[in-house]
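One point on numbering: in the working numbering, the residue at position 187 of the sequence shown is 196, and numbering is uninterrupted. For every residue, glycine included, the Cβ atom is placed at its ideal position computed from N, Cα and C. Inspection log for the structure reproduced underneath, given as structure tokens.
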Amino acid sequence: MASVPSPTTAQPVPADLRSWILAQAAAGHPAPALLQSMREAGWQEDQAAALLETTLREHLNALAVQQGEPPAQPVPEPSLGDSPAWLDAGDRRVEVLMAMGRPRIVVFSQLLSPEECEALIAGAAPRLARSLTVATQTGGEEVNDDRTSSGMFYQRGENPVVQRIEERIARLLNWPVENGEGLQVLHYHPGAEYKPHYDYFDPAEPGTPTILRRGGQRVGTLVIYLNTPDKGGGTTFPDVHLEVAAQRGNAVFFSYERPHPSTQTLHGGAPVVAGEKWIATKWLREREFK
Ligand code: PD2
Ligand code: ZN
């Protein structure tokens, strides 16, 4: 390997270090080897890791944009830097069960108590209607055969339980409450499913500019399981052959930094085989969702 430029206190990434990192990466040296060389050259580990990450991320973004993908946007992200077993979500400790880097998927345990799950279901049940999806042609809403559940939306902060859960989610994902859509509750009977789809709005669809006026793109999704179906009903990520089991109180989070399939965030609700399934979904926007 060529020799590493020495540490300076300057941020952002010094040009000589940037060139060195990109040259080493292009030569096939993996990130841990680069980090080791930087440490040996006197860089402090945290600083070196941050500079490496920034450099590689900016480079990958530039390549993606060159290839016609939309630019990357900031996304919600739990504080998992030193692999904690649990996160302080304000009024509750939330356990981390699984974290995947790309696509970014994190599974949490016991985000909601059984009582909170029951309260969301009880408040939703009398207000259920056949689920609609956003009609990307017009920006309105329509019934869709890919989604055979029924559902409803709570208003943001509609009641104390909803408000408490939204504040917990904001703290957990480091994303403002104001950028969240209202919680959507869905109910699936046996056989009902939600076929694989992306949650972001397709920039090529004519209705998308209208949808984006309210809060910009969706950049993250949190699906919370409000009960445990007896069989089936997991959340699937076909690009990475992952299925997250629906267990009451648990949740799966995923983020997408650009509205593009390269995020590998295709996901679906597998058919419920036995029992029923209730979920609450929180979609997170780039900006305030008014
Ligand atoms: O019910 C699910 O597991 C599921 C799957 C895919 C929910 C959503 N998408 C969603 O609410 O966007
Ligand atoms: Zn979805």
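Out of the options, which has the shortest C-alpha to C-alpha gap to residue i?
i: R156; options: S140, L43 and Q164; result: S140
i: H276; options: T147, D154, Y209 and I130; result: Y209
i: L96; options: G225, I174 and L181; result: L181
i: L121; options: F298, G242, V253 and I233; result: I233
i: V228; options: H68, A81 and I174; result: A81
i: C126; options: V194, N183, M109 and R111; result: V194
i: I174; options: A201, A144, P238 and V103; result: V103
i: L89; options: K299, N183 and T244; result: N183
i: D248; options: L192, P41 and R111; result: R111
i: L293; options: G166, G189 and F162; result: G189
i: G166; options: E187, A36 and E252; result: E187
i: S92; options: V105, A42 and G99; result: V105
i: N236; options: Q256, E266 and Q226; result: Q256
Is any heavy atom in the ligand ZN found nearer than 6 Å to the beta carbon of residue i?
i: D154; result: no
i: D208; result: yes
Distance, Cα to Cα, residue i vs residue j?
i: E78; j: R113; result: 18 Å
i: A32; j: A73; result: 18 Å
i: L46; j: A24; result: Correcting the residue type first, residue 46 is Ser in the shown sequence and not Leu. Each residue's Cα considered, the two are about 17 Å apart.
i: K291; j: V116; result: 14 Å
i: H269; j: M109; result: 19 Å
i: V84; j: K240; result: 33 Å
i: F246; j: V282; result: 18 Å
i: A19; j: T64; result: Because A19 carries a pLDDT of 45, less than 50, the predicted location of this residue cannot be relied on, and no value is offered for it.
i: L129; j: V253; result: 21 Å
i: P135; j: G243; result: 25 Å
i: V107; j: S28; result: Here residue 107 turns out to be Met, not Val, going by the sequence shown. Approximately 34 Å between the Cα atoms of the pair.
i: H196; j: E285; result: 7 Å
Say yes only if the C-beta of residue i is nearer than 6 Å to one or more non-hydrogen atoms of the ligand PD2, and no if none qualify.
i: I288; result: yes
i: Y203; result: yes
i: G278; result: yes
i: V171; result: no
i: V232; result: yes
i: T244; result: yes
Taking Cβ positions only, does residue i come closer than 7 Å to chain C?
i: R101; result: No chain C is part of this structure, which consists of one protein chain only.
Check whether the region 258-266 touches the region 191-206, taking contact to mean three or more Cβ pairs, one atom from each stretch, closer than 8 Å. Cβ pair count under 8 Å is below three, so no.
Would you call the region 147-156 in contact with the region 213-220, where contact means no fewer than 3 C-beta pairs closer than 8 Å? Yes, since at least three Cβ pairs between the region 147-156 and the region 213-220 fall closer than 8 Å, the two stretches touch.
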